[in-house]
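Beneath this line is the structure, given in C-alpha cells, with notes to follow.
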Amino acid sequence: MKLTISVLGSAAVLAALLTACSANPPAAGANAGPRANAADPSATMQSFRPASNAKADLSTPESAVKEFYRLTASGDYASAWSLIHPGEQNHPSQQVREQLKKDFLALQGKKGPALVKAEKTAPLDEYKFYITGVMQANVPAVNVELSDGTRKTVHPFADDKGQYRLFWDQANGLE
Numbered sequence: 095m096k097l098t099i100s101v102l103g104s105a106a107v108l109a110a111l112l113t114a115c116s117a118n119p120p121a122a123g124a125n126a127g128p129r130a131n132a133a134d135p136s137a138t139m140q141s142f143r144p145a146s147n148a149k150a151d152l153s154t155p156e157s158a159v160k161e162f163y164r165l166t167a168s169g170d171y172a173s174a175w176s177l178i179h180p181g182e183q184n185h186p187s188q189q190v191r192e193q194l195k196k197d198f199l200a201l202q203g204k205k206g207p208a209l210v211k212a213e214k215t216a217p218l219d220e221y222k223f224y225i226t227g228v229m230q231a232n233v234p235a236v237n238v239e240l241s242d243g244t245r246k247t248v249h250p251f252a253d254d255k256g257q258y259r260l261f262w263d264q265a266n267g268l269e
C-alpha cells in the first residue's frame, strides 16, 4: 500500500493513517528491523523476534496491561514489543518508528517494575495518543499501581482484530 500525506497536522489524516497502519501491517519478514546500510539491502541491524505470546489474553484492556507488565517485569521487552499497538509500530515516520523500536528493545534484559494492581475505570470520551498525535473516542482507561510505587493511568486501544494493544514512548512509558 502506497500512501502519500501532504499535511501531517490534520487529525482526520492521522486517524486514517492509524487505521490504515493497523489494518495493513508489513508483510511477513518485512519487519526484520531497520537497515544498517541503506545502500546494501541485505545488511540489517540485529533483529529481535518476540517470543510467541499466542496464549496471551488481549481481549480486555486489563489483560493487555497485565501481560505487558508480566513480560517487562521479567525483562522480556522483545516479547512485550508484540503488545505495542500496530499504529505505533507502523508509525508514518521511518525515523520515529526505528527510534521507538530501538529505545524499547534497548531495555531487553532489564527488569521493570511488577504490576501490583490493574483496575479498569470508565472509558475516556476522547484521548489524544502522544506518540501518534491521533485523537480517538471512547478510549479505555486502566489505573495501575507498580511495585516501585508508581501510579498511572494506561490507555490500551483495540487493534483491527479486537485485541488490545498499548502505546509507549521513551519519556513516559505506557500511555
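If you're matching positions, the sequence shown starts at 95 in the working numbering and goes up one per residue.
Glycine residues also receive a C-beta, built at the ideal position from the N, C-alpha and C atoms.
Remember, it's a predicted structure, so these values are computed and weren't measured experimentally.
Assigned with DSSP and collapsed to three states, A265 falls in coil, not helix or strand.
The Cβ atoms of L209 and L240 lie closer than 9 Å to each other. Unbroken beta strand (DSSP E) stretches of 3 residues or longer found wholly inside the segment 206 to 262: 209 to 223, 228 to 240, 245 to 248, given in chain order. Counting C-beta atoms within 10 angstroms of its own C-beta, G181 has 16 or more neighbours from the protein chains shown and is therefore classed as buried. Between the segment 158 to 165 and the segment 239 to 259, the count of C-beta pairs closer than 8 Å reaches three or more; the two stretches touch. Excluding the 5 residues flanking it on each side, H179 has same chain C-beta neighbours closer than 7 Å at F251, D253, R259, L260, F261, in chain order. The criterion of a C-beta distance shorter than 9 Å is not satisfied by Q230 and Y224. Within the same chain, A158, E161, L177, Q257, Y258, R259 come within 8 Å of L152 by CB-CB distance, once the 5 residues on both sides are set aside. Non-local C-beta neighbours of A216 in its own chain, meaning closer than 8 Å and more than five positions away in sequence, comprise A235, ordered along the chain. With respect to K204, G169 sits close: the two C-beta atoms are nearer than 9 Å. The alpha carbon of P207 has as its nearest neighbour, out of K246, T154, K149, the alpha carbon of K246. Per DSSP, the continuous alpha helix (DSSP H) segment holding P180 begins and ends at 180 to 183. For A172, the enclosing alpha helix (DSSP H) has its first and last residue at 171 to 174. Here K211 has E239 as same chain residues with Cβ atoms under 6 Å from its own Cβ, once five neighbours each way along the sequence are excluded. Around the beta carbon of N184, a 10 Å sphere encloses 16 or more other beta carbons of the protein chains shown; the residue is thus reported as buried.
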